[in-house]
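The structure appears right after this line, and notes come after that.
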Amino acid sequence: MATYRPATMEELRSLQGVGYHLSSKYGRTFLTAIEYYIKSVA
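For the sequence shown, the working numbering begins at 941 and goes up steadily by one.
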């Protein structure tokens, strides 16, 4: 996920292995963590 750096739920769902159920349950948490990661390496 850090490689593709999705910023929206749609982008997250487009990743292989991430479907509606996973993104609905954990999507916001993943997106927040990815956003934090991007800011920390910039």
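We treat Cβ as the ideally placed atom computed from N, Cα and C, and that holds for glycine.
Here the structure is a predicted model, which means the values were calculated and not measured.
Would you mind working out which of H961, A973, S980 and Y960 sits nearest A947, comparing C-alpha positions? Within the sequence shown, residue 947 is the residue found at index 7, counting from 1. Nearest to A947 by C-alpha distance, out of H961, A973, S980 and Y960, is A973.
Report buried or exposed for S964, applying the criterion of at least 16 other Cβ atoms within 10 angstroms of its Cβ. Walking along the sequence shown from the start, residue 964 turns up at place 24. With fewer than 16 other Cβ atoms inside 10 Å of its own Cβ, S964 counts as exposed.
Does Y960 come out as helix, strand or coil in the three-state DSSP assignment? On the sequence shown, position 20 is the one that residue 960 refers to. Reduced to three states, the DSSP call for Y960 is helix.
C-alpha distance - I949 paired with G957, whole-angstrom precision: Taking the sequence shown and counting its residues from 1, the one referred to as residue 949 is at position 9. Taking the sequence shown and counting its residues from 1, the one referred to as residue 957 is at position 17. Reading off the sequence, residue 949 comes out as Met, not Ile. So the two alpha carbons sit approximately 14 angstroms from each other.
Would R953 and G959 be called neighbours here (beta carbons separated by less than 9 angstroms)? Position 13 of the sequence shown, counting from 1, holds the residue named residue 953. Position 19 of the sequence shown, counting from 1, holds the residue named residue 959. A contact, by the Cβ cut-off of 9 angstroms.
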